[in-house]
Amino acid sequence: MLGIKEWQDFYEKDYKYVGKLIGRFYDTNGEPTQELKDARKAIKEGKRLKKLDADDKQLYPSCNSEWKSGEGGRVWCSDLSGGIKRDWAGVPRKYFKPGSTSYRCACIRNTGAPGDNLKNQDHKNRGDLDNPNFREYEDCEAESISCRLPTK
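Just so you know, this note's numbering puts the end of the sequence shown at 152, numbered straight through with nothing missing.
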């Protein structure tokens, strides 16, 4: 639905308005149909989810990654991983969002307060290491900023 909204915004910006097309989205009086109202709700929800995803990637930036034939892959964290400039590098972890069976690699804090509660003064100085949504990569040291991925 967001793609439709982007298409609509493009046309409203670059083309002269000539009227409404009677049919799926507008009735014979030029009034929105229920289908258009439903589409607008879906677009609003899509924007909300897109913002949540962007906020999540700001909080838990994506890892840097590379893959070489014969060597396999590697993920690592730096203070610019995921294109997010910050004052910490973090450690790579498998990030399972609640309710999901798939994961993405995320750089998480390994010191200080947890990322989702930075103002918490009563913490164990372990960042997000104790968050159950993050799992270590196999055969990778817990505090390593770089992890080798197995060749398949």
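The C-beta atom is built at its ideal place from N, Cα and C for all residues, glycine as well.
Item	Value
For the beta strand (DSSP E) containing Lys94, list its first residue and its last residue.	Val91 to Tyr95
If you run the structure through DSSP and keep just helix, strand and coil, what is Phe10?	helix
Given this structure, state the Cα-to-Cα distance separating Pro141 from Lys37, to the nearest angstrom.	Inspection of the sequence shows that residue 141 is occupied by Glu rather than by Pro. Roughly 52 angstroms between the two C-alpha positions.
Based on the DSSP secondary-structure assignment, which residues constitute the bridge partners of Arg74?	Glu66 and Arg148
Using three-state DSSP, classify Ile43 as helix, strand or coil.	helix
What residues in its chain sit with their C-beta under 6 angstroms from that of Gly112, if we drop five residues either side in the sequence?	Gly127
Which residues share a DSSP beta bridge with Cys140?	None, per the DSSP bridge assignment.
How big is the Cα-Cα spacing for Tyr103 and Asn133?	9 angstroms
If I measure Cβ to Cβ from Asp79 and keep anything under 8 angstroms in the same chain, skipping five residues before and after, which residues do I get?	Lys85, Arg86, Asp87, Trp88 and Ala89
Quick check on this structure: which residue in Lys5, Glu12, Cys107 and Asp27 has the alpha carbon closest to the alpha carbon of Cys63?	Cys107
Helix, strand or coil for Ala106 per DSSP?	strand
Taking 8 angstroms as the cut-off, does the stretch 24 to 33 touch the stretch 69 to 76 (at least 3 CB pairs, one atom from each stretch)?	no
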